[in-house]
Amino acid sequence: GESVGLHLPTLSVQEGDNSIINCAYSNSASDYFIWYKQESGKGPQFIIDIRSNMDKRQGQRVTVLLNKTVKHLSLQIAATQPGDSAVYFCAEKNPGTYKYIFGTGTRLKVLA
Amino acid sequence: DAGITQSPRHKVTETGTPVTLRCHQTENHRYMYWYRQDPGHGLRLIHYSYGVKDTDKGEVSDGYSVSRSKTEDFLLTLESATSSQTSVYFCAAQGGASYEQYFGPGTRLTVT
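Sequence order for the protein chains is Z and H.
Using the working numbering, the letters of the first sequence map in sequence onto residues 1 to 112.
Using the working numbering, the letters of the second sequence map in sequence onto residues 113 to 224.
Here it is, written out as structure tokens:
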């Protein structure tokens, strides 16, 4: 399958605990952000998005927080499950375009 | 995956040969993208299309060309493959009112 890289930063969490994955974005003018999940051998899968006029958005078991002051994005996963094990990365959209810049990702390992 | 397929899924080719990768979508999305994914770099945009016969370069477009003669198909051509183009290639599509991108399963290309 298609792998995403061998030397990604790794976050290990116990099953049932909450996970927090962080992302620093590059352009203070970016107007839209997405978190993706990528399992081994698969394409990235949309998790949750947030527009720049928001600070927080919640989905099912996931919450995204946006801090524009320090250009920081975080993804919180509640009650982490084995199926959450994957690489997670953020993407920012350039304003006025449909181009995206992707982060390099964080590998989440869920320990049983 | 929002009806996005890529072909071939795996290909091995020799340096100097032309290679064409195909992306097909069934959702009539307006925007389509080609990315490459390499360890330590995340997803990098090669080319994208904002309509039939309307394309634009991304950050790593040298050595690649694209064509979009129909809404559903977006072709990526490596004019003369080099070993530096060994990578995993992902196609994505986006349309409607959402900025969400849907990704295909990827193509692993090896240039020997």
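For each residue, glycine too, the CB sits at the ideal point set by N, CA and C.
From a predicted model like this one, the values you see are computed outputs, not experimental measurements.
Count the other C-beta atoms from every protein chain shown that fall within 10 angstroms of the C-beta of GLU171(H), then say buried if there are 16 or more, exposed otherwise.
The residue you call residue 171(H) lines up with position 59 of the second sequence. So GLU171(H) counts as exposed.
Since GLY163(H) is in the beta strand (DSSP E), which residue starts that stretch and which ends it?
Translated into positions along the second sequence, residue 163(H) becomes position 51. 154–163 is the span of the beta strand (DSSP E), which, as asked, contains GLY163(H).
Below 8 Å on C-beta distance, what does GLY105(Z) contact in chain H?
Locating residue 105(Z) in the first sequence gives position 105, where the first residue counts as 1. Near GLY105(Z) (Cβ distances below 8 Å), the residues of chain H are GLY154.
Would you tell me roughly how many angstroms separate the C-alpha atoms of LEU11(Z) and HIS153(H), rounded to the nearest one?
Counted from its first residue, the first sequence places residue 11(Z) at position 11. Counted from its first residue, the second sequence places residue 153(H) at position 41. Their Cα atoms are separated by approximately 19 Å.
Should GLU191(H) be flagged as near chain Z, meaning a C-beta pair shorter than 8 Å?
Within the second sequence, residue 191(H) is the residue found at index 79, counting from 1. No, GLU191(H) does not count as interfacial toward chain Z.
LYS99(Z) touches chain H at which residues, Cβ-Cβ below 9 Å?
Within the first sequence, the letter at position 99 stands for residue 99(Z). The answer, in chain order, is TYR145, LEU157, TYR160, ASP168, GLY170, GLU171.
Looking at chain H, is there any beta carbon in it that lies within less than 8 Å of the beta carbon of ILE21(Z)?
Counting from one through the first sequence, the residue named residue 21(Z) turns up at place 21. For ILE21(Z), the answer is no, since every Cβ of chain H falls outside 8 Å of its Cβ.
Of all the residues that make up the segment 23–35 of chain Z, which are near chain H by a beta-carbon distance shorter than 8 Å?
TYR32, ILE34
With 8 Å as the threshold, decide whether the Cβ of VAL4(Z) is near any Cβ in chain H.
The sequence position of residue 4(Z) within the first sequence is 4, counting from 1. With a pLDDT of 41 at VAL4(Z), under the threshold of 50, the predicted position of this residue should be treated as unreliable, though the coordinate-derived value follows. Closer than 8 Å: yes.
What residues from the segment 36–58 of chain Z come within 9 Å of chain H, judged by C-beta to C-beta, listed N to C?
TYR36, GLN38, GLY41, LYS42, GLY43, PRO44, GLN45, PHE46, ASP49, ARG51
Which stretch, first to last residue, makes up the beta strand (DSSP E) that contains GLN118(H)?
Taking the second sequence and counting its residues from 1, one reaches residue 118(H) at position 6. 116–119 is the span of the beta strand (DSSP E), which, as asked, contains GLN118(H).
Would you tell me roughly how many angstroms separate the C-alpha atoms of GLY5(Z) and SER181(H), rounded to the nearest one?
Within the first sequence, residue 5(Z) is the residue found at index 5, counting from 1. Within the second sequence, residue 181(H) is the residue found at index 69, counting from 1. Reliability fails at GLY5(Z), whose pLDDT of 46 lies under 50, so the model's placement of it is uncertain and no value is given.
Using a C-beta to C-beta distance shorter than 8 Å, which residues of chain Z count as neighbours of TYR211(H)?
Within the second sequence, numbered from 1, the residue matching residue 211(H) stands at position 99. Those are TYR32, ILE34, ASP49, LYS93, TYR98, listed as they occur along chain Z.
GLN197(H) at chain Z interface by Cβ criterion, 8 Å:
Indexing the second sequence from 1 puts residue 197(H) at position 85. Chain Z, which has no Cβ nearer than 8 Å to the Cβ of GLN197(H), makes this no.
Can you tell me whether LEU111(Z) is buried or exposed? The criterion is at least 16 other CB atoms within 10 Å of its CB, across all chains shown.
As a first step, residue 111(Z) is located in the first sequence; it is residue number 111 there, counting from the start. Exposed, because fewer than 16 other Cβ atoms sit within 10 Å of the Cβ of LEU111(Z).
Please report whether the beta-carbon of GLY216(H) lies at a distance below 8 Å from any beta-carbon of chain Z.
Position 104 of the second sequence, counting from 1, holds the residue named residue 216(H). Yes, its Cβ sits closer than 8 Å to a Cβ of chain Z.
For PHE202(H), decide whether its Cβ has a neighbour in chain Z, counting only Cβ atoms nearer than 8 Å.
Walking along the second sequence from the start, residue 202(H) turns up at place 90. Closer than 8 Å: yes.
GLN206(H): contacting residues in chain Z (beta-carbon distance under 8 Å)
Working through the second sequence from its first residue, we reach residue 206(H) at position 94. Chain Z residues near GLN206(H): TYR98.
From THR132(H), GLU184(H), GLY218(H), THR183(H), pick the residue whose C-alpha is nearest to that of CYS203(H); which is it?
The sequence position of residue 203(H) within the second sequence is 91, counting from 1. For CYS203(H), the nearest C-alpha among the options comes from GLY218(H).
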